[in-house]
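Below is one structure, written out as C-alpha cells; comments come after it.
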Amino acid sequence: MSTNKRKQPIWAWIVIVLTGGCLILLGSSAWALFAIPLLMAGFSTDSPSTPKYVPILILIIGYGILIGWVLLFYTSIRSVIRAFKKKA
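Read in our numbering, the sequence shown has 62 at position 62, and its numbers run on one by one without any break.
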C-alpha cells in the first residue's frame, strides 16, 4: 500500500461534471445563457407596477451567478491540474 498517494479534490470534479453535463444537455444553445439575465430584465419592465430597481437587480444577480460559476469552473480545473502535477 502506497502512503504518498495524493487525494484528488472531489469538489472540483463535481463542478466539472455538472458544467460538462449542462453543456452537453444544452448543446450549442449554451451561448444563450449569457443573454438570459438581459431578457429577464427586459421582460420585467413590461409590468407597470414593477419598481425601477428590479431590472438592474435582475442583471446584477443573473450575471453575478454566471460569473461566479465560470470562476468556480476555472478554479476547479486549476486545482485538478495541480493535483495531477503533484501526483506525477
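Note that CB positions come from ideal geometry on N, CA and C, so glycine has one too.
Is the Cβ of residue i closer than 7 Å to any Cβ of chain B?
{"i": "residue 60", "result": "Looking at the structure shown, chain B is missing, and only one protein chain is on hand."}
Roughly how many angstroms separate the alpha carbons of residue i and residue j, rounded to a whole number?
{"i": "residue 37", "j": "residue 19", "result": "19 Å"}
{"i": "residue 75", "j": "residue 12", "result": "8 Å"}
{"i": "residue 27", "j": "residue 45", "result": "30 Å"}
{"i": "residue 7", "j": "residue 85", "result": "12 Å"}
{"i": "residue 1", "j": "residue 87", "result": "Here the model assigns residue 1 a pLDDT of 46, short of 50, so the residue's position is not dependable and the matter cannot be decided."}
{"i": "residue 65", "j": "residue 10", "result": "22 Å"}
{"i": "residue 43", "j": "residue 54", "result": "11 Å"}
Quick one: measure Cβ to Cβ for residue i and residue j, integer angstroms, because I've assumed they're closer than 8 Å.
{"i": "residue 16", "j": "residue 77", "result": "7 Å"}
According to the Cβ coordinates, are residue i and residue j closer than 7 Å?
{"i": "residue 30", "j": "residue 23", "result": "yes"}
For this session: Please go through the segment 11-50 and give each complete alpha helix (DSSP H) segment of 4 or more residues, from N-terminal end onward.
Result: 36-44
For this session: Count the C-beta pairs between the segment 26-41 and the segment 57-76 that are closer than 8 Å, then say yes if the count reaches three, no if not.
Result: yes
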